[in-house]
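Here is the structure we will look at, set down as structure tokens.
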Amino acid sequence: MDSVNKIQALEEELRITLTKLRELEKEVASVMLEHARKESRIQNLRDQLKSAQKEVSVWKTKVEREKREASKLQDRIARYKSNLADRDQEIRGLKEAVSNANKSLSEENEQLQAEITRTVKE
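For the sequence shown, the UniProt record's numbering assigns the number 1 to the initial residue and increments by one for each residue that follows.
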């Protein structure tokens, strides 16, 4: 009977071991499923990162283009300001010339008037 007890004990141990094995298999399947989900999430994040990097590259290119355009516009503004300053200087010179011409004309007019008056008196 001792052998029967041993067989029964071994059968019980086998049943317990099989139950533990099934539980461990379920746990392994669960861990593998979680791992697959995480791998999928990691791949998704990698794809998002790659997409974001491309977008950053596009924006950097646009920013550089805009910087060049802004620099060109600043150069044009500087040229316009310079031209405006030159024209302001020219206008001041012309105003001074007109003022001098008016002054000379006025003086000549006075001299002419005086000469006419003298000629009429004579």
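Where a beta carbon is used, it is the ideal one built from N, C-alpha and C, also for glycine.
Close-in-space but distant-in-sequence residues of the same chain around residue i (CB under 6 Å, 5 per side omitted)
i     : result
GLU23 : none
Same chain, Cβ closer than 7 Å to residue i, neighbours up to 5 away in sequence not counted
i      : result
SER104 : none
Nonlocal neighbours in the same chain, by C-beta distance under 8 Å from residue i, ignoring five residues either side
i      : result
ASN102 : none
| task | Taking only runs that begin and end inside the region 41 to 88, name each unbroken beta strand (DSSP E) of 3 or more residues, in chain order. | result | none
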